[in-house]
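Read through the structure below, which is laid out as structure tokens, and then see the notes.
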Amino acid sequence: EDGSPPSLAIETLPGYGKAKTWALDLKADLDDYRASILTWSDMSTKLLLSGPPGTGKTTFARALCNSLQVPLVVSSVSTWLQGAHLSDVLNRMARTFAEARALAPAILFIDEIDGIGKRQPAEREYADYWNGVVNKALELLDGAVKGEGLIVV
Numbered sequence: 002e003d004g005s006p007p008s009l010a011i012e013t014l015p016g017y018g019k020a021k022t023w024a025l026d027l028k029a030d031l032d033d034y035r036a037s038i039l040t041w042s043d044m045s046t047k048l049l050l051s052g053p054p055g056t057g058k059t060t061f062a063r064a065l066c067n068s069l070q071v072p073l074v075v076s077s078v079s080t081w082l083q084g085a086h087l088s089d090v091l092n093r094m095a096r097t098f099a100e101a102r103a104l105a106p107a108i109l110f111i112d113e114i115d116g117i118g119k120r121q122p123a124e125r126e127y128a129d130y131w132n133g134v135v136n137k138a139l140e141l142l143d144g145a146v147k148g149e150g151l152i153v154v
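Structure below.
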């Protein structure tokens, strides 16, 4: 032993209930995919984790990447929304998905995804901006579902 802490793994992570079961099933499926036994579309590759800050959603994603031995790309809605220009926001969103796709098979962990719908201000003058953000998120997620190689958490 080299004295470094053991890396997180889904197998040894306590708790997480159905999410952990999903992850263990995905690990078996990914092995079968790599052996050309399963196709990507036969696998359950999308998971929505919910809970308040500090409940271990990011820890789960890191443990999953270690167990599956795939790269992890981490982003968040707050990162996407930095800057005021809609084109910058949409480009940042698209770059996140492109980065993950380039590393496929890979896990794309998007923190605060629930914030996209909640961030819409009451003023109608910003409706086009928020509709653009929501539509781009839906387009990118739909592409991730239809494509191959991305595990989205």
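To convert, note that position 113 of the sequence shown is 114 in my numbering; the numbers rise steadily by one, no gaps. Yeah, the Cβ is synthetic: ideal placement off N, Cα and C, and Gly gets one too.
Close-in-space but distant-in-sequence residues of the same chain around Leu39 (CB under 7 Å, 5 per side omitted)
Asp30, Asp33
How would you write the range of the alpha helix (DSSP H) that Leu104 sits in, first residue to last?
Careful: Leu104 lies outside any alpha helix (DSSP H) and carries neither H nor E.
Roughly how many angstroms lie between the CA atoms of Thr13 and Thr97, to the nearest whole one?
29 Å
Any chance you could list the alpha helix (DSSP H) runs of at least 4 consecutive residues sitting entirely within the segment 37-89, in chain order?
58-69, 78-81
Tell whether a beta-carbon distance below 8 Å holds between Thr56 and Leu9.
no
Where does Val153 fall in DSSP's three states?
strand
Where does Met114 fall in DSSP's three states?
With the sequence shown as reference, residue 114 is identified as Ile, and Met is not the correct amino acid for it. Note: Ile114 maps to coil in three-state DSSP.
Decide if Lys58 is buried, meaning its Cβ has at least 16 other Cβ atoms within 10 Å, or exposed.
buried
Local Cβ density within 10 Å of Ser45, reported as buried at 16 or more and exposed below that:
exposed
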